[in-house]
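Numbering (this note's numbering), first residue to last: 17 to 204.
Idealized CB from N, CA, C, for every residue including glycine.
Everything numeric in this text was worked out from a predicted model, so none of it was measured.
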């Protein structure tokens, strides 16, 4: 078992890995429908064997002053972030549950929109990997509230500085936090 790096070292190494593996240059269409000259594909790091544990450590540090006992968001961007945080909590001797918000409820089985441990009556953190418009975390916040949970904040690894933070705060009434800006990623 390897020792957990201090937070400054973890943040610096994670940023290095993001710059090396997750930034793709070239014309792309974003989920918002807008075009950009680059794409930040954080699944390349949130599912990477070296980077994923760092994601958990860094994201937990980002929200260490908040009280919540479950973490998750809209599938697929939130899933590896939430599980990285779950594993980082476990490595620190703490308990943190993760949940997945489906884009739509299932038409069979229990017909649930949120999978994993119930969020009903619980304080939860909504996460995602990259925030552009804020639509995905807003949808997750809405689903959590419909399921009886209490979203305390939205946290993301990278903020694309498009006003999503203000939108999340205004529309959902929760705090918005991020680890890296486009400037940090060398894209501003």
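Notebook entry, point to check: Under three-state DSSP, which class holds residue 17?
Noted result: Counting from 1 along the chain shown, the entry for residue 17 is found at position 1. With a pLDDT of only 43 at residue 17, under 50, the local geometry of the prediction cannot be trusted, and the value read off the model is given with reservation. If DSSP states are grouped into helix, strand and coil, residue 17 belongs with coil.
Handout entry: Cβ-Cβ distance between residue 148 and residue 48 below 9 Å
Key = The residue you call residue 148 lines up with position 132 of the chain shown. The residue you call residue 48 lines up with position 32 of the chain shown. Contact: yes.
Checklist line | Complete runs of the alpha helix (DSSP H) confined to the region 153 to 195 [at least 4 residues] | finding: Listed in chain order, the complete alpha helix (DSSP H) runs (minimum 4 residues) inside the region 153 to 195 are 180 to 188.
Inset, instruction - Compare the Cα-Cα distances from residue 169 to each of 158, 176, 178 and 177 and report the closest residue. - result: Taking the first residue of the chain shown as position 1, residue 169 is located at position 153. Taking each of 158, 176, 178 and 177 in turn and checking the Cα distance to residue 169, the smallest one comes out for 158.
What is the C-beta distance between residue 89 and residue 156, in whole angstroms, given that I count them as a contact (C-beta under 8 Å)? What you label residue 89 is simply residue 73 of the chain shown in a count that begins at 1. What you label residue 156 is simply residue 140 of the chain shown in a count that begins at 1. The Cβ separation is near 4 Å, so the contact holds.
Buried or exposed (CB count within 10 angstroms, at least 16 for buried), residue 69: Looking up residue 69 in the chain shown gives position 53. Looking at its Cβ environment, which holds 16 or more other Cβ atoms inside 10 Å, residue 69 is buried.
| task | With DSSP collapsed to three states, give me the class of residue 43. | result | Taking the first residue of the chain shown as position 1, residue 43 is located at position 27. Note: residue 43 maps to strand in three-state DSSP.
Worksheet entry | Collapsed DSSP secondary structure at residue 202 in the structure displayed | By 1-based counting over the chain shown, the position of residue 202 is 186. Coil at residue 202, not helix or strand.
Note to self: Do residue 140 and residue 160 count as a contact pair if the criterion is CB distance below 9 Å?
What the structure shows: Numbered from its first residue, the chain shown carries residue 160 at position 144. Numbered from its first residue, the chain shown carries residue 140 at position 124. Taking 9 Å as the cut-off, the Cβ atoms of residue 160 and residue 140 count as close.
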